[in-house]
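Going by the working numbering, the sequence shown opens with residue 54, and the numbers climb by one from there.
Note that beta-carbon positions come from the ideal geometry of N, C-alpha and C, so glycine has one too.
Bear in mind that the values here come from a model prediction, so they are computed numbers and not experimental data.
Below you'll find the structure, written out as structure tokens, and then a few comments.
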Amino acid sequence: MKTRRAFIQTGAVALCGLAAAPALAKPRKPKDADWTETFDVIVIGSGLGGLECGAMLAREGMGVCVAEQAALPGGCLQSFSRRGHAIDTGMHYIGSMQAGGIMRRYFEYFGILGSLRLRPLDEAFDVVSLPGAGDYAYMHGYEAFEKHLGEWFPHEKAGLGRYCAKLREIGGSIGIGVHRTGRLSDGGTKYLGAPAAGFIGECVADPLLRNVLAGTNPLYGGVRESSTLYHHAMVNHSNIEGACRFTGGTQQIADALAAKIREHGGTMLVRSRVVALHTEGRRITGVELADGRMLRAKTVISAIHPAETFRLIGPTPVIRKAFRERIGSLPDSYGLFSAYLLLKPGRIPYINRNLYYFAGKDVWKTLFDLEAMRPGMVLLSAQAPDGDPAWCDVVTLMTPVATRPWKAWEGSAPGRRPEAYTALKAAMTQATVDFACARLPELRDAIAHTYAATPLTYRHYTGAPHGAAYGLLKDWRSIMASHIPARTKFDNLLLTGQNLTVHGAIGVTLSAAATCSEIVGTEYLAKKIANA
């Protein structure tokens with residue numbers, strides 16, 4: 054086994070995103086002279102899950118190669134630059150970062166916590182704003198969370214207690230104490246089969262409070278009919294424990310993880326698109342890159358969408374046609390439209406919380422109405438400023454949007470989109486900005502420059518089919534159909550990332566640990582993380 058210790062930035066230049074591809078890869082039979090590298094593990098894709106798998110396994114002494122088709126690692130962690138400002142692509146805040154928080158502990162295990170520039174959010178870290186009904190804050194810490202909402206809804210104190218107890222139970226099922234016992238999870242996943250909206254309705258009867266408690270559902274691609282209690286509880290528990298932003302952008306997470314991979318002897322390949330997985334029986338025998346290089350590995354981990362993973366594998370009796378069709382037909386979550394506002398200096402005091410503005414009183418109706426050209430909701434999130442900490446310099450406005458309207462333009466490239474696309478993008482940008490400024494009037498005169506990103510932009514950065522923001526839709530009514538395990542029909546092919554159990558930073562991190570535990574052992578890895 055040969056391990057490369059240099060940071061490699063070679064290979065064919067490929068668009069970051071999924072070009073129109075055949076239904077199945079048609080790999081040529083490799084010759085002995087084709088093989089250029091051999092590793093213990095090859096990871097396909099360098100989003101958070103791929104980087105975490107690479108960092109875990111490299112830390113545990115394995116020869117790791119992470120292959121990424123883009124010029125930079127990171128996926129949704131990537132930041133892009135406009136007029137001297139680093140702008141985040143997808144992750145805008147992260148939970149469980151308090152002392153003793155599980156996300157903080159994972160960063161300690163990776164050895165990157167000290168290099169991250171964190172800014173804790175205010176005690177009132179999220180505010181749900183409903184027209185004609187007022188603004189309601191989510192507070193850090195369960196005691197403050199329950200007390201604050203209890204003052205607004207004194208008749209629902211018992212229900213709030215039940216609600217908080219269940220979130221603590223589910224969130225605690227992946228805590229450091231559980232890891233110390235040699236397990237990554239302690240039964241919380243049973244709530245994948247329970248409805249989020251139904252659970253909230255069982256806890257409290259007040260319609261307004263039901264909407265307040267469901268108000269952050271865009272963080273997990275919330276859909277009233279299908280969203281699971283597990284997703285709702287994991288995301289909200291994590292943020293109630295301790296929510297932070299990253300000063301200077303989230304690219305620092307990707308850069309820090311990539312640096313750790315290299316530090317432990319691993320290889321980062323960028324501009325290196327995987328075009329085929331070669332097989333022999335039930336084993337992956339090689340990974341072919343777009344420039345013709347062939348890589349060998351004992352194990353391959355795919356951090357890209359499962360449907361795209363199996364398209365890399367040519368015809369084989371190991372994967373039945375019915376399985377390919379099922380994976381290919383699984384519904385994806387909705388997309389996000391984002392407007393990025395660069396502000397004039399010293400105009401808007403830094404807003405150290407997230408503002409959830411809804412168009413109506415039903416917080417589950419979030420999708421942008423293209424006919425009326427109006428958002429269903431807008432999440433306003435200011436980036437932690439890299440300059441003067443007292444003032445906002447970048448504000449992101451995010452609104453959920455269906456991915457279907459954008460499919461007609463999937464074959465186009467950034468900077469070369471058709472006029473119809475740019476016209477729709479401009480109209481949505483204006484509508485989104487107007488919506489936010491109607492609720493925060495001082496914002497309008499503070500805007501210096503505006504940029505926008507559609508689901509196709511997300512697709513460009515992350516490779517997610519159709520630009521789905523949260524990967525595969527998780528449905529409590531058919532959890533067996535939508536649950537994707539880490540193990541596949543191939544003995545040495547594993548999956549990881551947001552399409553497995555839970556999306557979001559904490560969900561992807563747990564999925565990465567579960568995937569790596571298939572190689573190094575669950576008890577060993579869980580205890581190693583717990584004692585980091």
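#1: Say whether the segment 425 to 444 touches the segment 404 to 415, bearing in mind that this needs 3 or more beta-carbon pairs closer than 8 Å, one atom from each stretch.
#2: Would the segment 230 to 246 and the segment 181 to 196 be scored as touching if the rule is three or more Cβ pairs under 8 Å?
#3: At the level of alpha carbons, what is the spacing between residue 506 and residue 235?
#4: In terms of residue numbering, what span does the beta strand (DSSP E) encompassing residue 338 cover?
#5: When the Cα atoms are used, what is the spatial distance from residue 528 to residue 567?
#6: Mind reading off the beta-carbon distance from residue 499 to residue 274? Whole number of angstroms is fine, and I expect it under 8 Å.
#7: Output the distance between the C-alpha atoms of residue 263 and residue 254, rounded to the nearest integer angstrom.
#8: Name the DSSP bridge partner or partners of residue 525?
#9: Locate the alpha helix (DSSP H) running through residue 161, then write down its first and last residues.
#10: Could you work out which residue in 503, 462, 357, 100 is closest to residue 144 when comparing CA atoms only?
#11: Per DSSP, what kind of secondary structure is residue 143 in: helix, strand or coil?
#12: Using the Cα positions of residue 400 and residue 439, report the straight-line distance between them to the nearest angstrom.
#13: Put residue 89 into one of helix, strand or coil per three-state DSSP.
#14: Okay, do the segment 483 to 502 and the segment 352 to 370 touch, 3+ Cβ pairs below 8 Å being the bar?
#15: Could you check which residue in 380, 330, 388, 353 has the C-alpha nearest to that of residue 368?
#16: Where DSSP assigns a beta bridge to residue 390, which residues make up the other side?
#17: So, do the segment 93 to 110 and the segment 554 to 570 have three or more beta carbon pairs nearer to each other than 8 Å?
#18: Using the three-state DSSP reduction, which class does residue 236 fall into: helix, strand or coil?
#19: Applying the criterion that 16 or more other CB atoms from any shown protein chain within 10 Å of the CB defines a buried residue, is residue 157 buried or exposed?
#20: If we require 3 or more residues per run, which beta strand (DSSP E) segments fall completely within the segment 493 to 574?
#21: CB-CB under 7 Å to residue 517, same chain, minus the five flanking residues each way: which ones, in chain order?
#22: Out of curiosity, what's the CA-to-CA distance linking residue 338 and residue 198?
#23: Using a 10 Å radius around the Cβ and a threshold of 16 neighbouring Cβ atoms, would you call residue 307 buried or exposed?
#24: Rounded to the nearest angstrom, what separates residue 155 and residue 256 at their Cα positions?
#25: Just mark residue 219 as buried or exposed, buried being the case when its beta carbon has 16 or more other beta carbons within 10 Å.
#26: Am I right that residue 354 and residue 94 are in contact with their C-beta atoms under 8 Å? What's the rounded C-beta distance?
#27: So, do the segment 531 to 547 and the segment 368 to 383 have three or more beta carbon pairs nearer to each other than 8 Å?
#28: Between which residues of its own chain and residue 287 is the CB-CB distance below 7 Å, once the five residues before and five after are set aside?
#29: Applying the 10 Å Cβ sphere with the 16-neighbour rule, what's the burial state of residue 321?
#30: Tell me the rounded alpha-carbon separation between residue 414 and residue 493.
#31: Taking residue 332 as part of the beta strand (DSSP E), name the residues at either end of that continuous run.
#32: Across which residues does DSSP place residue 187 in a beta bridge pair?
#33: Report the three-state DSSP secondary structure of residue 291 (helix, strand or coil).
#34: If we call anything under 8 Å between Cβ atoms a contact, is residue 328 one with residue 316?
#35: Please name the residue, chosen from 471, 501, 459, that lies closest to residue 508 on a Cα-to-Cα basis.
#36: Is the segment 113 to 120 touching the segment 415 to 429, taking contact as three or more C-beta pairs under 8 Å?
By the coordinates alone:
#1: yes
#2: no
#3: 42 Å
#4: 336 to 342
#5: 21 Å
#6: Their Cβ separation, rounded to whole angstroms, is 30 Å, which puts residue 499 and residue 274 out of contact at 8 Å.
#7: 7 Å
#8: 385
#9: 155 to 163
#10: 100
#11: coil
#12: 16 Å
#13: strand
#14: no
#15: 330
#16: 452
#17: yes
#18: coil
#19: buried
#20: 500 to 506, 546 to 548
#21: 358, 511, 524
#22: 52 Å
#23: buried
#24: 27 Å
#25: buried
#26: 6 Å
#27: yes
#28: 223, 224, 555, 559, 560
#29: buried
#30: 18 Å
#31: 327 to 333
#32: 183
#33: helix
#34: no
#35: 459
#36: no
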